[in-house]
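Engineer: From first to last, the protein sequence lines stand for chains P and Z. The opening position of the first sequence corresponds to residue 349 in this note's numbering, with each subsequent residue numbered one higher. The opening position of the second sequence corresponds to residue 2 in this note's numbering, with each subsequent residue numbered one higher. Below is the structure I would like to discuss, written out as structure tokens.
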Amino acid sequence: MKPVGPPRIAVWILEHLVPGESNDALLGDLWEEFCCGRSAAWYWRQVLAAVAIGLLGEMRVRLPALGFATLWMLPAQWWSAFALWHAARYAGYIVPWPYSLVVGMIIPIVLSLWAGLIVFGLICSSIGQNLSRRQIWRGLWIGPLTFFFLTISVRMLSHWLGLGVLSVGAFSFAAYFPSLVAATWKIGWRVETSKAHSS
Amino acid sequence: MGERDYLGELELMVMLAVARLGDEAYGVPVSRELEKHRKRDVALSSVYAALDRLEAKGLVTFRVGEATPERGGRAKRYFQVTREGLQAIRQTRHVLMNLWKRLPGLEGEGA
Numbered sequence: 349m350k351p352v353g354p355p356r357i358a359v360w361i362l363e364h365l366v367p368g369e370s371n372d373a374l375l376g377d378l379w380e381e382f383c384c385g386r387s388a389a390w391y392w393r394q395v396l397a398a399v400a401i402g403l404l405g406e407m408r409v410r411l412p413a414l415g416f417a418t419l420w421m422l423p424a425q426w427w428s429a430f431a432l433w434h435a436a437r438y439a440g441y442i443v444p445w446p447y448s449l450v451v452g453m454i455i456p457i458v459l460s461l462w463a464g465l466i467v468f469g470l471i472c473s474s475i476g477q478n479l480s481r482r483q484i485w486r487g488l489w490i491g492p493l494t495f496f497f498l499t500i501s502v503r504m505l506s507h508w509l510g511l512g513v514l515s516v517g518a519f520s521f522a523a524y525f526p527s528l529v530a531a532t533w534k535i536g537w538r539v540e541t542s543k544a545h546s547s
Numbered sequence: 002m003g004e005r006d007y008l009g010e011l012e013l014m015v016m017l018a019v020a021r022l023g024d025e026a027y028g029v030p031v032s033r034e035l036e037k038h039r040k041r042d043v044a045l046s047s048v049y050a051a052l053d054r055l056e057a058k059g060l061v062t063f064r065v066g067e068a069t070p071e072r073g074g075r076a077k078r079y080f081q082v083t084r085e086g087l088q089a090i091r092q093t094r095h096v097l098m099n100l101w102k103r104l105p106g107l108e109g110e111g112a
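Put into structure tokens, the structure is as follows:
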């Protein structure tokens, strides 16, 4: 016997994990097709296609932010590596623990994230896409917040998996890069949206 | 219209389906129309992605229809080709026809 509605998990995925403004209409269309005799397998194929297309679309829109974060991370990785080394080497000597972590690691990394955002903002302005104060503020807090969240998550995950302390390079890729992407991504998204509306 | 504004394959097919369906052009009939002529399954999300791009370019417009129980209470999105959209279809057709005519061995075939 065929179930009354489409697979609930697939519906939830489409409602919550697929970016885009057409999801409501798409859900209705898929429901209509399912009621007309399409199988659950067909429904799942459609939802997985929607996820893939949605993510690819997002990547395309936010390509400038991704490209910038990649370029910025190359020098910033050395900067954050130095900060980590500095924090580990002098922890407790010059400034008592845990303040040494703040002075030696957190402040330099946050500053390098903010510097990246400022440069990205300047590039956006130079090509005529002026950012609002709200966008800049949003980028300034999203970057460090993502960094703290990822740092704790990566640290706990590596401990849980028994990997010990991750190498600086792995740490940078796991925490610093996504943080910068998250911050510039948000700004980039806003730029694209306002551009689309103005055209 | 700039060089980059020519319609892609899927965009052109979606535009033609929307123009052909008239007032009944929403996701399901558009995708069925494409399936009928392409003879293969179409992802509804790819149709919506194409329609979103066309809408951003001003080549189609949409209005939100009524929400019905057979759609799980979701409203339909009815699309319509704009004047600029029709112009884009004509220009793309013109370019394709010119290219088509110059293909050796295919000149006699109806496009």
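Glycine included, C-beta positions come from ideal geometry on N, C-alpha and C. Small disclaimer: the values here were computed from a predicted structure and weren't measured.
In whole angstroms, what separates the C-alpha of Z:V29 from that of P:E381?
Structural biologist: 7 Å
Engineer: If I measure Cβ to Cβ from Z:V15 and keep anything under 8 Å in the same chain, skipping five residues before and after, which residues do I get?
Structural biologist: V31, L35, V48, A51, L52, L55
Engineer: Comparing the CB of Z:V19 with every heavy atom of the ligand COA, is any distance shorter than 8 Å?
Structural biologist: You won't find the ligand COA in this model; it holds no ligand whatsoever.
Engineer: Measuring CB to CB, does Z:L97 end up less than 9 Å from P:L378?
Structural biologist: With a cutoff of 9 Å on beta-carbon distance, Z:L97 and P:L378 are scored as not near each other.
Engineer: What residue range does the beta strand (DSSP E) around Z:G66 cover?
Structural biologist: 61–69
Engineer: Restricting to Cα atoms, I'd like to know which of Z:E10, Z:H95, Z:L100, Z:G23 is closest to Z:R64.
Structural biologist: Nearest to Z:R64 by C-alpha distance, out of Z:E10, Z:H95, Z:L100, Z:G23, is Z:G23.
Engineer: Is any beta-carbon of chain P found at less than 9 Å from that of Z:D42?
Structural biologist: yes
Engineer: So, is the C-beta of P:R393 closer than 9 Å to a C-beta in chain Z?
Structural biologist: True, the Cβ-Cβ gap to chain Z drops below 9 Å.
Engineer: Short of 8 Å Cβ to Cβ, which residues in the segment 400–416 of chain P face chain Z?
Structural biologist: I401, G402, G405
Engineer: Beta-carbon of Z:Y49 versus every beta-carbon of chain P: anything under 9 Å?
Structural biologist: True, the Cβ-Cβ gap to chain P drops below 9 Å.
Engineer: What does the alpha-carbon distance come out to for the pair Z:K77 and Z:A20?
Structural biologist: Rounded to whole angstroms, Z:K77 and Z:A20 show a C-alpha spacing of 17 Å.
Engineer: Could you tell me which chain Z residues have their CB closer than 9 Å to the CB of P:G353, listed as they occur along the chain?
Structural biologist: Here the neighbours are G73.
Engineer: Give the DSSP-derived three-state secondary structure of Z:K37 in the structure shown.
Structural biologist: Helix, per DSSP.
Engineer: The segment 80–108 of chain Z: which residues have C-beta closer than 7 Å to a C-beta of chain P, in chain order?
Structural biologist: none
Engineer: Below 8 Å, how does it come out for the segment 402–410 of chain P and the segment 361–372 of chain P: are there three or more Cβ pairs, yes or no?
Structural biologist: Enough Cβ pairs lie closer than 8 Å, so yes.
Engineer: Is there a Cβ from chain Z that is less than 9 Å from the Cβ of P:L459?
Structural biologist: No, no contact with chain Z.
Engineer: For the candidate residues P:Y391, P:L374, P:L422, P:R503, whose alpha-carbon lies nearest to that of P:A358?
Structural biologist: P:Y391
Engineer: Assuming contact is defined by CB atoms lying nearer than 9 Å, are P:G491 and P:V467 in contact in what I supplied?
Structural biologist: no
Engineer: Jot down the residue ranges of each uninterrupted beta strand (DSSP E) in the segment 463–510 of chain P, minimum 3 residues, whole runs only, in chain order.
Structural biologist: Runs of the beta strand (DSSP E) inside the segment 463–510 of chain P: none found.
Engineer: Any beta carbon from chain P within less than 9 Å of Z:R64's own beta carbon?
Structural biologist: Residue contact check for Z:R64 against chain P: no CB pair falls below 9 Å.
Engineer: Quick one: is Z:R39 near chain P, going by C-beta distance under 9 Å?
Structural biologist: no
Engineer: Using only the alpha-carbon positions, how far apart do P:L509 and Z:F80 sit?
Structural biologist: Rounded to the nearest whole angstrom, the CA to CA distance from P:L509 to Z:F80 is 52 Å.
Engineer: Quick one: Cα of Z:V61 to Cα of P:R486, how far?
Structural biologist: 33 Å
Engineer: Helix, strand or coil for Z:A76 per DSSP?
Structural biologist: strand
Engineer: P:L375 and Z:R75 - do their beta-carbons sit closer together than 9 Å?
Structural biologist: Yes, the pair counts as a contact, with Cβ atoms nearer than the cut-off.
Engineer: Would you kindly work out how many angstroms separate the C-alpha atoms of P:F495 and Z:L104, rounded to a whole number?
Structural biologist: 57 Å
Engineer: Spatial neighbours of P:R356 within its chain, please: CB distance less than 7 Å, with the 5 preceding and 5 following residues excluded, ordered by chain position.
Structural biologist: Sequence-distant Cβ neighbours of P:R356 in its own chain, meaning closer than 7 Å and more than five residues away, do not exist here.
Engineer: The alpha helix (DSSP H) that contains P:A388, what's its start and end?
Structural biologist: Where P:A388 is concerned, the enclosing alpha helix (DSSP H) stretches over 388–409.
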